[in-house]
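Peer 1:
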Amino acid sequence: MSITSAHESDPAFALHRGGKLEVRSTVPVRNADDLALAYTPGVARVCSAIAETPALADTYTWISNVVAVVSDGTAVLGLGDIGPVAAMPVMEGKALLFKEFGGVDAVPICLACTGVDELVETVVRLAPSFGGINLEDISAPRCFEVERQLRERLDIPVFHDDQHGTAIVVLAALRNAARLTGRSLGDLRAVVAGAGASGVAVSRILLEAGIGDIAVADSKGMIYSGREGLNPVKEALARDTNRAKHTGSTEDALAGADVFVGLSGSTVAERAVAAMADGAIVFALSNPTPEVEPAVAARHAAVVATGRSDFPNQINNVLAFPGVFRGALDVRATTITENMKVAAADALAGVVGDDLSADYVIPSPFDERVAPAVTAAVAAQARADGVARA
Numbered sequence: 004m005s006i007t008s009a010h011e012s013d014p015a016f017a018l019h020r021g022g023k024l025e026v027r028s029t030v031p032v033r034n035a036d037d038l039a040l041a042y043t044p045g046v047a048r049v050c051s052a053i054a055e056t057p058a059l060a061d062t063y064t065w066i067s068n069v070v071a072v073v074s075d076g077t078a079v080l081g082l083g084d085i086g087p088v089a090a091m092p093v094m095e096g097k098a099l100l101f102k103e104f105g106g107v108d109a110v111p112i113c114l115a116c117t118g119v120d121e122l123v124e125t126v127v128r129l130a131p132s133f134g135g136i137n138l139e140d141i142s143a144p145r146c147f148e149v150e151r152q153l154r155e156r157l158d159i160p161v162f163h164d165d166q167h168g169t170a171i172v173v174l175a176a177l178r179n180a181a182r183l184t185g186r187s188l189g190d191l192r193a194v195v196a197g198a199g200a201s202g203v204a205v206s207r208i209l210l211e212a213g214i215g216d217i218a219v220a221d222s223k224g225m226i227y228s229g230r231e232g233l234n235p236v237k238e239a240l241a242r243d244t245n246r247a248k249h250t251g252s253t254e255d256a257l258a259g260a261d262v263f264v265g266l267s268g269s270t271v272a273e274r275a276v277a278a279m280a281d282g283a284i285v286f287a288l289s290n291p292t293p294e295v296e297p298a299v300a301a302r303h304a305a306v307v308a309t310g311r312s313d314f315p316n317q318i319n320n321v322l323a324f325p326g327v328f329r330g331a332l333d334v335r336a337t338t339i340t341e342n343m344k345v346a347a348a349d350a351l352a353g354v355v356g357d358d359l360s361a362d363y364v365i366p367s368p369f370d371e372r373v374a375p376a377v378t379a380a381v382a383a384q385a386r387a388d389g390v391a392r393a
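Mapping to my numbering: the sequence shown position 132 is 135, numbers consecutive.
#1: Quick one, which of Val-149, Ala-35 and Leu-129 has its alpha-carbon nearest Val-3's?
#2: I need the straight-line Cα distance from Ile-365 to Ala-391, nearest angstrom please.
#3: In the DSSP assignment, the beta strand (DSSP E) including Ala-308 goes from what residue to what residue?
#4: If you scan the stretch 225-277 from start to end, which runs of the alpha helix (DSSP H) of 4 or more residues do you find wholly inside it?
#5: With DSSP as the reference, label Met-4 as helix, strand or coil.
#6: Excluding five sequence neighbours on each side, which residues of the same chain lie with their C-beta closer than 6 Å to the C-beta of Leu-174?
#7: Return yes when the Cβ of Phe-101 is within less than 8 Å of the Cβ of Pro-325, no when it is not.
#8: So Val-334 and Phe-104 are in contact, right, with Cβ under 8 Å, and what is the actual spacing, rounded?
#9: Ala-308 and Asn-319 - do their beta-carbons sit closer together than 8 Å?
#10: What would DSSP say about Phe-286, mapped onto helix, strand or coil?
#11: Nearest-angstrom Cα distance between Gly-399 and Ala-176?
#12: Give the range of the beta strand (DSSP E) segment to which Ala-109 is assigned.
#13: Please classify Asp-164 as buried or exposed, where buried requires at least 16 neighbouring CB atoms within 10 angstroms.
#14: With 16 as the cutoff for other CB atoms within 10 Å, does Cys-116 come out buried or exposed?
#15: Is it buried or exposed for Val-16, if we count other Cβ within 10 angstroms and need 16 for buried?
#16: Output yes or no for whether 8 Å exceeds the beta carbon distance between Thr-169 and Ala-193.
#17: To which residues of the same chain is His-249 closer than 6 Å at the C-beta, ignoring the five residues directly before and after it?
#18: Decide if Met-4 is buried, meaning its Cβ has at least 16 other Cβ atoms within 10 Å, or exposed.
#19: Would the beta-carbon of Ala-241 fall within 8 Å of that of Leu-233?
#20: Going along the chain, which residues of its own chain have a beta-carbon closer than 6 Å to the beta-carbon of Asn-426, five neighbours each way excluded?
#21: Let me know the secondary structure DSSP gives Asn-34 once reduced to three states.
#22: Indicate whether the contact test is met: 3 or more Cβ pairs, each with one atom in the stretch 89-99 and one in the stretch 121-136, closer than 8 Å.
#23: Report the three-state DSSP secondary structure of Ala-98 (helix, strand or coil).
#24: What is the DSSP secondary structure of Asn-68, reduced to helix, strand or coil?
#25: Taking buried to mean at least 16 other C-beta atoms within 10 Å of its own C-beta, is Pro-291 buried or exposed?
#26: May I ask which residues mark the beginning and end of the beta strand (DSSP E) holding Gly-326?
#27: Would DSSP call Val-219 helix, strand or coil?
#28: What span of residues does the alpha helix (DSSP H) with Ile-208 cover, start to end?
#29: Exposed or buried, Ala-300, counting other C-beta atoms within 10 Å across all chains shown (16 or more means buried)?
#30: Residues in its own chain within less than 6 Å of Ala-280 by CB, not counting five upstream and five downstream?
#31: Quick one: using the 10 Å Cβ neighbour count with 16 as the cut-off for buried, is Ala-54 buried or exposed?
#32: Thinking Ile-2 and Leu-157 are a contact (beta carbons under 8 Å), I'd like their distance in whole angstroms, please.
#33: What did DSSP end up calling Val-377 once you bin it into helix, strand or coil?
#34: Once DSSP output is grouped into helix, strand and coil, what is the label at His-19?
#35: Quick one: what does DSSP say Gly-163 is sitting in, helix, strand or coil?
#36: Between Gly-265 and Glu-294, how many whole angstroms is the CB-CB distance? I'm expecting something under 8 Å.
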């Protein structure tokens with residue numbers, strides 16, 4: 004049986020046949036006059052003007068509305084290191100979501116290199132063609148260093164969505180879950196299972212937003228100052244978290260905790276959820292299998308969220324990244340600040356408004372209010388932070 008015929012009955016393969024993207028022109032080429040303006044000789048006048056004043060590229064090319072979606076294929080969805088070619092359907096999908104939900108053009112770029120220096124240098128060389136860089140599915144801890152170096156070297160937004168997209172949506176949902184249960188973030192003690200890209204970023208944004216206390220676990224247990232074998236990212240996390248000095252397992256730390264955020268692919272026993280504080284909030288976000296089954300968690304928790312679309316309160320990155328980039332591009336931001344991420348989360352939380360309920364602490368990706376709200380908040384914060392150029 005051929006590869007093609009083996010997949011003919013699968014609707015996912017039918018949808019992906021030929022890819023999910025195409026390039027379309029925005030101007031007509033109907034005759035010689037149109038051709039002379041769109042290409043030579045007319046294009047030379049535009050090139051000369053940009054050479055003299057590079058900022059004109061934002062007006063006279065597509066750069067101001069296009070993002071590179073860059074991956075090396077080392078951490079694709081839950082599939083792991085499947086390589087750059089196999090990652091392309093995901094990157095195409097990400098570009099599709101940029102367009103559909105944020106009106107942002109995006110180009111999927113899968114790179115056949117995995118070294119930090121190679122990745123950084125390659126993206127830096129590509130950067131003149133783009134208004135922003137969205138890093139995707141690059142494994143931890145390399146992803147932290149790749150993003151850090153690119154942010155230092157480029158004057159356009161660089162955003163690792165596996166980190167910050169997840170963090171923004173988690174913060175938005177947690178703000179509303181706290182409001183629903185009559186508390187503020189400062190009242191909450193949280194436990195995060197998972198210290199990869201998303202776990203670290205979620206912990207960082209919750210600290211930035213004023214969480215009462217937070218402890219983070221990796222596959223070896225709770226992260227704390229003095230624990231042996233921590234990489235630099237986890238060492239920094241140990242210094243800033245876990246004031247209660249938990250040293251055991253995730254389940255041990257959950258006793259009396261207000262919030263559980265699962266980003267690890269591990270499992271949590273029902274007894275551990277039952278031992279949480281009254282009005283507990285459980286975000287079991289691993290896909291396709293949450294750390295604890297939502298129906299089980301709901302026996303003991305006031306609010307339950309997952310990463311899946313077939314349960315209420317889906318924590319979905321598409322709620323964040325289209326609007327974040329749209330807002331950053333609209334004001335020609337040089338970077339995406341921590342304040343811009345928090346502003347995005349606050350705007351996203353605000354969309355829920357008075358409709359807040361246990362099954363509705365975060366809006367649907369198809370809520371047409373989402374992207375405009377996030378866009379406006381990010382653009383305004385970029386101006387407030389002094390990183391806007393328009």
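Glycine is no exception: its CB is placed at the ideal position from the N, C-alpha and C atoms.
Peer 2: So, to answer that:
#1: Any answer about residue 3 is impossible in this case: the structure gives the chain only from 4 up to 393.
#2: If you number the sequence shown from 1, residue 365 lands on position 362. If you number the sequence shown from 1, residue 391 lands on position 388. Cα to Cα, the separation comes out at about 28 Å.
#3: Stepping through the sequence shown from its first residue, residue 308 is reached at position 305. Element bounds for Ala-308: 304-309.
#4: 235-243, 253-256 and 273-277
#5: As a position in the sequence shown, residue 4 is number 1, starting the count at 1. At Met-4 the pLDDT is 43, less than 50, meaning the model places this residue with poor confidence; the figure from the coordinates comes in the next sentence. Three-state DSSP puts Met-4 in coil, outside helix and strand.
#6: Counted from its first residue, the sequence shown places residue 174 at position 171. Only Ile-208, Ala-212 and Ala-348 meet the Cβ criterion.
#7: The count along the sequence shown starts at 1 and reaches residue 325 at position 322. The count along the sequence shown starts at 1 and reaches residue 101 at position 98. Yes, these two residues count as a Cβ contact at 8 Å.
#8: For the purposes of this step, residue 334 is identified with residue 331 of the sequence shown, where counting begins at 1. For the purposes of this step, residue 104 is identified with residue 101 of the sequence shown, where counting begins at 1. Going by Cβ atoms, the distance from Val-334 to Phe-104 rounds to 19 Å, so no, they are not a contact pair.
#9: Your numbering for residue 319 matches position 316 in the sequence shown. Your numbering for residue 308 matches position 305 in the sequence shown. In this structure, Ala-308 does not lie closer than 8 Å to Asn-319 by Cβ.
#10: Locating residue 286 in the sequence shown gives position 283, where the first residue counts as 1. Strand at Phe-286.
#11: Any question about residue 399 goes unanswered here, given that the chain covers just 4 to 393.
#12: Here residue 109 corresponds to residue number 106 of the sequence shown, with the count starting at 1. Per DSSP, Ala-109 belongs to the beta strand (DSSP E) from 108-113.
#13: As a working mapping, residue 164 is identified with position 161 in the sequence shown. The residue is buried, with at least 16 neighbouring Cβ atoms inside 10 Å.
#14: Working through the sequence shown from its first residue, we reach residue 116 at position 113. Its Cβ having fewer than 16 others within 10 Å, Cys-116 is exposed.
#15: Counting from one through the sequence shown, the residue named residue 16 turns up at place 13. According to the sequence shown, residue 16 is Phe rather than Val. Per the 10 Å Cβ criterion, exposed.
#16: As a first step, residue 169 is located in the sequence shown; it is residue number 166 there, counting from the start. As a first step, residue 193 is located in the sequence shown; it is residue number 190 there, counting from the start. Not in contact: Thr-169 and Ala-193 (Cβ atoms no closer than 8 Å).
#17: Here residue 249 is taken as the residue at index 246 of the sequence shown, counted from 1. Here the set comprises Ala-218, Met-225 and Ala-256.
#18: Residue 4 sits at position 1 when you count from the first residue of the sequence shown. Any reading at Met-4 must be qualified, since the residue scores a pLDDT of 43, below 50, and its modelled position is unreliable; the value itself is stated next. Exposed, by the Cβ-count rule.
#19: Here residue 241 corresponds to residue number 238 of the sequence shown, with the count starting at 1. Here residue 233 corresponds to residue number 230 of the sequence shown, with the count starting at 1. Their beta carbons are under 8 Å apart, which means Ala-241 touches Leu-233 by this criterion.
#20: In the structure as shown, the chain starts at 4 and stops at 393, and residue 426 therefore has no counterpart that could be examined.
#21: Position 31 of the sequence shown, counted from the first residue, corresponds to residue 34. If DSSP states are grouped into helix, strand and coil, Asn-34 belongs with coil.
#22: no
#23: Working through the sequence shown from its first residue, we reach residue 98 at position 95. Helix at Ala-98.
#24: Here residue 68 refers to the residue found at position 65 when the sequence shown is read from its first residue. Helix at Asn-68.
#25: Within the sequence shown, the letter at position 288 stands for residue 291. By the 10 Å Cβ count, Pro-291 comes out exposed.
#26: Locating residue 326 in the sequence shown gives position 323, counting from the first residue. Per DSSP, Gly-326 belongs to no beta strand (DSSP E); it is in the alpha helix (DSSP H), 324-333.
#27: Within the sequence shown, numbered from 1, the residue matching residue 219 stands at position 216. Residue state, collapsed to three classes: strand.
#28: Along the sequence shown, read from residue 1 onward, the residue named residue 208 stands at position 205. Ile-208 -> alpha helix (DSSP H) spans 200-212.
#29: Sequence index remark: in the sequence shown, residue 300 carries index 297 (1-based). The residue in question, Ala-300, is buried, as its Cβ has 16 or more Cβ neighbours within 10 Å.
#30: To locate residue 280, count along the sequence shown from 1; it is residue 277. Gly-259 and Asp-261.
#31: Stepping through the sequence shown from its first residue, residue 54 is reached at position 51. Ala-54 should be labelled exposed.
#32: Residue 2 falls outside the range modelled here, since the chain spans only 4 to 393, and no answer is possible.
#33: As a position in the sequence shown, residue 377 is number 374, starting the count at 1. Three-state DSSP puts Val-377 in a helix.
#34: Taking the sequence shown and counting its residues from 1, the one referred to as residue 19 is at position 16. Three-state result, His-19: helix.
#35: Counted from its first residue, the sequence shown places residue 163 at position 160. One point to set straight first is that residue 163 is His, not Gly, in the sequence displayed. The answer is strand: DSSP assigns His-163 an E or B state.
#36: Looking up residue 265 in the sequence shown gives position 262. Looking up residue 294 in the sequence shown gives position 291. Right, the Cβ-Cβ distance comes to about 4 Å (below 8 Å), so this counts as a contact.
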